[in-house]
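**Q** Using my numbering, the first residue of the sequence shown is number 1, and each one after it goes up by one.
Backbone N, C-alpha and C fix where the C-beta goes; we use that ideal spot for every residue, glycine too.
My questions all concern the structure below.
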Amino acid sequence: MAQGAPNQILTRLVPWYIESRRTLPWRTNRDPYRIWASEVMLQQTTVTAVIPFYERFMKRFPDLKSLASAALEDVIEHWAGLGYYSRARSLHKAAIELARQPEFPRTHTELLNFPGLGPYTARAVSSLAFGEPVGVVDGNVIRVLSRVYDLDLEWWKPKERDEIQTRADALAQGSVDGRPADPSDVNQALMELGATVCTPQSPSCLLCPVTTLCRARANETISLRPRPKPRKETEIWLWEPLVQRSGNKQVLLVQNDYAPFLKGHWIWPGKAVRLKKKPKDYHYKGLVTHHEIFVNVRTSKTSKSPKKAAQADQQWVSLIDIKSKIPSSLVRKALDALEIS
């Protein structure tokens, strides 16, 4: 048997996972809703940070029906603090559509038809909840497989990422001691290994169940795997939001289609301009992905009560409801800059 063959790896990896896995709230059962919500929360967020938010979210929305019937503002409020609020919007939108189905879809190809369920999330839900024999490929899995197989790939490119997906699929379809492996255990084992042992820096190779099968360790290339992804160049932006207030303490929000950051979020009307150099004068600044944003706040006020917003992408919101409407601190800080309450 060739070094690193799927079944050889699984025979060591799966028993290790069953014995060593962390106790996590979304591992208590195979409820596809709970697994799906956890996978969405874990995108761009660590397990330690997610747990208290997940438990609070599940207490408020314990099942698919409760999430689907909730107001988006309520969902956003219970998501507050996790960031990347587009995830919460997609989760809610998909919940509404999933609740209309006769049963929760069981395959990743079916799940791909719903908002926010991309290749990774769809495969994670179908394999962890229903045992579909498909591999999942997240950052941890990319790192583990790049090292185990010593893959010098530009994994962020579709064709080369497909190679990692093929290897992950082969493992999910493998066997342990002559019996088909549980794809849920296989995928979670790979993710667990990457999160706890095969870490980005200073991996604990002596504790790794597949250390003698790891080609990168044999070739002394662990520090080179996976190949580092080139970073996007930081962009400098000047954002000039306009906080329009009415006499009864309401402010106007628009659904962002003019700034490259926080796309689709409810923010202040205004304008955003890309700069070559950082400005010297501004109210405050923030960072959203690779956008460094310098903010100068403008304001206007009327004593009249506002009429209903003329367009669907505009709305007047009470100041007391502002947190649920605009959870992004970058946006809310405009009120602090003007000392509005």
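1. Can you tell which of Leu72, Tyr54, Leu82, Ala124 has its C-alpha closest to the C-alpha of glutamine 44?
2. Tell me which same chain residues have a C-beta within less than 6 Å of the C-beta of valine 273, skipping the five on either side of it?
3. Are the CB atoms of valine 331 and valine 243 nearer to each other than 8 Å?
4. Between Arg143, Leu151, Arg167, which has its C-alpha nearest valine 134's C-alpha?
5. Whose CA, out of Arg34, Ser318, Ser223, Leu262, lies closest to the CA of valine 251?
6. Between the Cα of alanine 68 and those of Pro200, Arg123, Ser202, Tyr33, spot the shortest distance and give me the residue it belongs to.
7. Return no unless some Cβ of chain D is closer than 8 Å to the Cβ of threonine 234.
8. If we call anything under 8 Å between Cβ atoms a contact, is proline 279 one with phenylalanine 261?
9. Less than 8 Å separating the beta-carbons of proline 327 and alanine 80?
10. Which whole-angstrom value is the C-beta distance of tyrosine 17 and aspartate 185, which I expect to be below 8 Å?
11. Helix, strand or coil: how does DSSP classify glutamate 55 here?
12. Using DSSP with H/G/I as helix, E/B as strand and the rest coil, what is lysine 333?
13. In chain order, what residues of the same chain have a beta carbon less than 8 Å from the beta carbon of tyrosine 85, not counting five sequence neighbours either side?
14. What's the C-alpha gap between phenylalanine 104 and serine 202?
15. Could you compute how far the alpha carbon of alanine 334 sits from the alpha carbon of phenylalanine 57?
16. Kindly provide the ranges of any alpha helix (DSSP H) runs that are 4 or more residues long and lie completely inside the region 66-150, ordered along the chain.
17. Taking contact to mean at least 3 C-beta pairs separated by less than 8 Å, is the region 179-198 in contact with the region 6-14?
18. Could you check what DSSP says for alanine 168 in three-state terms: helix, strand or coil?
**A** Straight from the coordinates:
1. Along the sequence shown, read from residue 1 onward, the residue named residue 44 stands at position 44. Nearest of Leu72, Tyr54, Leu82, Ala124 to glutamine 44, Cα basis: Leu82.
2. Here the question's residue 273 lines up with position 273 in the sequence shown. Once the five neighbours on either side are set aside, the close Cβ partners of valine 273 are Leu238.
3. Stepping through the sequence shown from its first residue, residue 331 is reached at position 331. Stepping through the sequence shown from its first residue, residue 243 is reached at position 243. Cβ atoms of valine 331 and valine 243: not closer than 8 Å.
4. For the purposes of this step, residue 134 is identified with residue 134 of the sequence shown, where counting begins at 1. Cα-wise, what sits closest to valine 134 is Arg167.
5. Taking the first residue of the sequence shown as 1, we reach residue 251 at position 251. The residue from Arg34, Ser318, Ser223, Leu262 with its alpha-carbon nearest to that of valine 251 is Ser318.
6. Residue numbering aside, residue 68 sits at position 68 when the sequence shown is read from its first letter. Measuring from the Cα of alanine 68, the nearest candidate turns out to be Tyr33.
7. Chain labels in this structure do not include chain D; a single protein chain is all it has.
8. Taking the sequence shown and counting its residues from 1, the one referred to as residue 279 is at position 279. Taking the sequence shown and counting its residues from 1, the one referred to as residue 261 is at position 261. Going by C-beta atoms, proline 279 is not nearer than 8 Å to phenylalanine 261.
9. In the sequence shown, residue 327 corresponds to position 327, counting from 1. In the sequence shown, residue 80 corresponds to position 80, counting from 1. Cβ atoms of proline 327 and alanine 80: closer than 8 Å.
10. Start at 1 with the first residue of the sequence shown, and residue 17 comes out as number 17. Start at 1 with the first residue of the sequence shown, and residue 185 comes out as number 185. Confirmed, Cβ separation roughly 6 Å.
11. For the purposes of this step, residue 55 is identified with residue 55 of the sequence shown, where counting begins at 1. For glutamate 55, the three-state secondary structure derived from DSSP is helix.
12. Counting from one through the sequence shown, the residue named residue 333 turns up at place 333. Under the three-state reduction of DSSP, lysine 333 is assigned to helix.
13. Position 85 of the sequence shown, counted from the first residue, corresponds to residue 85. The residues are Ile76, Trp79, His265, Pro327, Ser328.
14. The sequence position of residue 104 within the sequence shown is 104, counting from 1. The sequence position of residue 202 within the sequence shown is 202, counting from 1. Going from the Cα of phenylalanine 104 to the Cα of serine 202 covers about 41 Å.
15. Locating residue 334 in the sequence shown gives position 334, where the first residue counts as 1. Locating residue 57 in the sequence shown gives position 57, where the first residue counts as 1. Looking at the two C-alpha atoms, the distance is approximately 28 Å.
16. Unbroken alpha helix (DSSP H) stretches of 4 residues or longer found wholly inside the region 66-150: 72-79, 86-98, 108-111, 119-130, 139-148, given in chain order.
17. Taking 8 Å as the limit for Cβ pairs, the verdict is that the region 6-14 does touch the region 179-198.
18. Locating residue 168 in the sequence shown gives position 168, where the first residue counts as 1. In the three-state DSSP reduction, alanine 168 falls in the helix class (H, G or I).
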